[in-house]
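This is the structure we're talking about:
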């Protein structure tokens, strides 16, 4: 109901617009809003609701007719001496039930006037307006429908295999920026991947390396957010992009929530110069901040957390309901075992450190397999043939075009 384009059904006959709904359709309030937006004159509901209470059935019919400012003709099953099911009926445009068969069996007749639209005052003592416009003028769907018609299938719904845009469309745009991610979304990436490091004041910044180009000896977590905003995120890709700002995790969620699946690579801080001495486990407060933003933008079904063992350790404890993608053991062939240990739904191989036996073992444990990375269409196709579920690529267009040809 959020993304299918083949429903609902409308027919225009001699100036009369008919809309059709099934009984299941009547439970979806935003579906009703879509029906209303097409301004039907009459809504025909074929109902199989034999176990639903009559109060609910009557309320549904009245809400739909009054909200859509349309007649509702409901045909249902009569269930005999019970308070469930039944109630073939006709509703007026203002929600008034004109005639109701209750549990009788037969043919229902009612005289109605078409076209007809109900009117009501635009507030007490105010002029009359169309009854449905009284509500429509005050609706703010953008405040709770995260992406409107751009809503994508979530991670539980989108089919495999998939192509994941590594750091966005990084072959063309500065990596990990909103520009790079928007390019990937515009080109229909199944997923986007980006990296997160915390600042000194615990703001999550989308950037891959632990240090910025301006100063390789100073780490991301040594900067405040305000200091990061003074840096150039364009990475020298174009003089026209010079001065581009880095994006925070919340910036990304604001722009892309519900529009794509997000492979969130959470980077772990370290205390040495080479990144070997990591801080274990990952900071719970920083992780909780990430989770709070995911919940704020209602994205739990649109994200999965990728990271090393420090991240997995904290993720299991702080937000076990969020899907995890294990990166620990990528280089020593222990990745599958680590993914099993942390009850991960996914893992991410790092070529060439994997083999077919590892893929098989992952599948036997119901673990989806990502591969980092491939920009070669032939290689990408071979990975899919071996059982890889999701391919990370820097050149989305090249790989996508080849695999969908």
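In this note's numbering, the protein residues as written are 103 to 507.
Positions of the beta carbon are idealized from the N, C-alpha and C atoms, including for glycine.
Check, Outcome
"At which residues does the beta strand (DSSP E) containing residue 201 begin and terminate?", "199 to 202"
"Does the count of Cβ pairs from the segment 228 to 240 and the segment 451 to 471 closer than 8 Å reach three?", "no"
"Counting Cβ pairs closer than 8 Å, one from the segment 331 to 343 and one from the segment 372 to 382, do we hit at least three?", "no"
"Could you give the first and the last residue of the continuous alpha helix (DSSP H) run that contains residue 416?", "411 to 420"
"Taking the beta carbon of residue 103 as the centre, do at least 16 other beta carbons fall within 10 Å, making it buried, or is it exposed?", "For residue 103, the predicted model reports a pLDDT of 47, less than 50, meaning its position is unreliable and no value from the coordinates is stated."
"Among 136, 160, 159, whose alpha-carbon lies nearest the alpha-carbon of residue 170?", "136"
"Considering only C-alpha positions, which residue in the set 134, 211, 417, 348 is nearest to residue 367?", "417"
"For the alpha helix (DSSP H) containing residue 428, name the first residue and the last one.", "No alpha helix (DSSP H) holds residue 428; the beta strand (DSSP E) holding it covers 426 to 428."
"If we count the other Cβ atoms within 10 Å of its Cβ and call it buried at 16 or more, is residue 209 buried or exposed?", "exposed"
"Which same chain residues, not among the five before or five after residue 491, have their C-beta less than 6 Å away from its C-beta?", "262, 263, 470, 471"
"From the DSSP output, in three-state form, read off residue 449 for me.", "strand"
"What do you reckon, are the CB atoms on residue 322 and residue 301 nearer than 8 Å?", "yes"
"In terms of residue numbering, what span does the beta strand (DSSP E) encompassing residue 115 cover?", "111 to 115"
"Could you give the uninterrupted runs of the alpha helix (DSSP H) lying entirely in the segment 335 to 422, keeping only those of 4 residues or more?", "351 to 358, 386 to 398, 411 to 420"
"Report the CB separation of residue 175 from residue 142 in whole angstroms; it is logged as a contact under 8 Å.", "About 11 Å; that fails the 8 Å criterion."
"Taking 8 Å as the threshold, find out whether the segment 388 to 399 comes into contact with the segment 354 to 362 through three or more Cβ pairs.", "yes"
"Between the C-alpha atoms of residue 298 and residue 489, what's the straight-line distance to the nearest angstrom?", "29 Å"
"Kindly indicate the opening and closing residues of the alpha helix (DSSP H) around residue 490.", "Unbroken run through residue 490: none, as it is neither H nor E."
"By the 10 Å Cβ neighbour count, where 16 or more other Cβ atoms means buried, how is residue 412 classified, buried or exposed?", "buried"
"For the beta strand (DSSP E) holding residue 319, just list the boundary residues, first then last.", "317 to 321"
"Give me the residue from 311, 212, 167, 505 with the minimum Cα distance to residue 131.", "167"
"According to DSSP, is residue 454 part of a helix, a strand, or is it coil?", "coil"
"Using DSSP with H/G/I as helix, E/B as strand and the rest coil, what is residue 308?", "strand"
"Helix or strand or just coil, what does DSSP make of residue 133?", "helix"
"Residue 270 and residue 258: beta carbons closer than 8 Å?", "no"
"Is residue 289 helix, strand or coil by DSSP?", "coil"
"Check whether the Cβ of residue 266 lies closer than 8 Å to any Cβ atom in chain D.", "Protein chains in the displayed structure number just one, and chain D is not present."
"Please classify residue 304 as buried or exposed, where buried requires at least 16 neighbouring CB atoms within 10 angstroms.", "exposed"
"Could you round the C-beta distance between residue 195 and residue 173 to whole angstroms and report it? I think they count as a contact, below 8 Å.", "6 Å"
"Express the C-alpha separation of residue 428 and residue 437 in angstroms, rounding to a whole number.", "7 Å"
"Report all residues from its chain with a CB closer than 8 Å to the CB of residue 320; omit the five preceding and five following residues, and keep chain order.", "313, 314"
"In the DSSP assignment, find the unbroken alpha helix (DSSP H) run with residue 499 in it and report its ends.", "498 to 505"
"Give me the residue from 433, 126, 140 with the minimum Cα distance to residue 118.", "140"
"Decide if residue 162 is buried, meaning its Cβ has at least 16 other Cβ atoms within 10 Å, or exposed.", "buried"
"Report the residue ranges of all alpha helix (DSSP H) runs contained in full by the segment 144 to 222; include only those spanning at least 4 residues, in chain order.", "156 to 170"
"Beta carbon of residue 266, beta carbon of residue 407: below 8 Å?", "no"
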